[in-house]
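Structure, rendered in structure tokens:
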């Protein structure tokens with residue numbers, strides 16, 4: 001899935017939607033680690049700040065949790 005910079009939805013929000021869809025379809029399992037910021041940046045061709053914003057939103061919504069030095073995990 002790709003992100004579309006030409007639509008009005010911000011890239012970080014599009015990325016959130018992709019990550020949530022992947023959690024819902026089982027690509028990313030509850031309790032499992034999400035890809036690193038760098039991996040997501042490379043996969044979607046966006047700035048690291050965009051990825052960081054998306055991951056922070058997932059944490060704020062209670063969908064994911066961050067462990068310093070270890071990564072971001074899907075909440076179980």
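Numbering (my numbering), first residue to last: 1 to 76.
Every residue gets a Cβ at the ideal spot worked out from N, C-alpha and C, and that includes glycine.
- By the Cβ-count criterion, residue 42 is exposed, with fewer than 16 other Cβ atoms from all chains shown falling within 10 Å of its own Cβ.
- Rounded to whole angstroms, the separation of the alpha carbons of residue 55 and residue 35 is 10 Å.
- Residue 50 and residue 11 do touch by the CB rule: their CB atoms are close to 5 Å apart, below 8 Å.
- Annotated three-state conformation of residue 75 is coil, per DSSP.
- Residue 74 sits away from residue 7, with the two beta carbons spaced by 8 Å or more.
- One Cα belongs to residue 44, the other to residue 29, and the distance between them is close to 20 Å.
- A Cβ-Cβ separation of about 13 Å leaves residue 18 out of contact with residue 63 under the 8 Å criterion.
- Rounded to whole angstroms, the separation of the alpha carbons of residue 76 and residue 70 is 17 Å.
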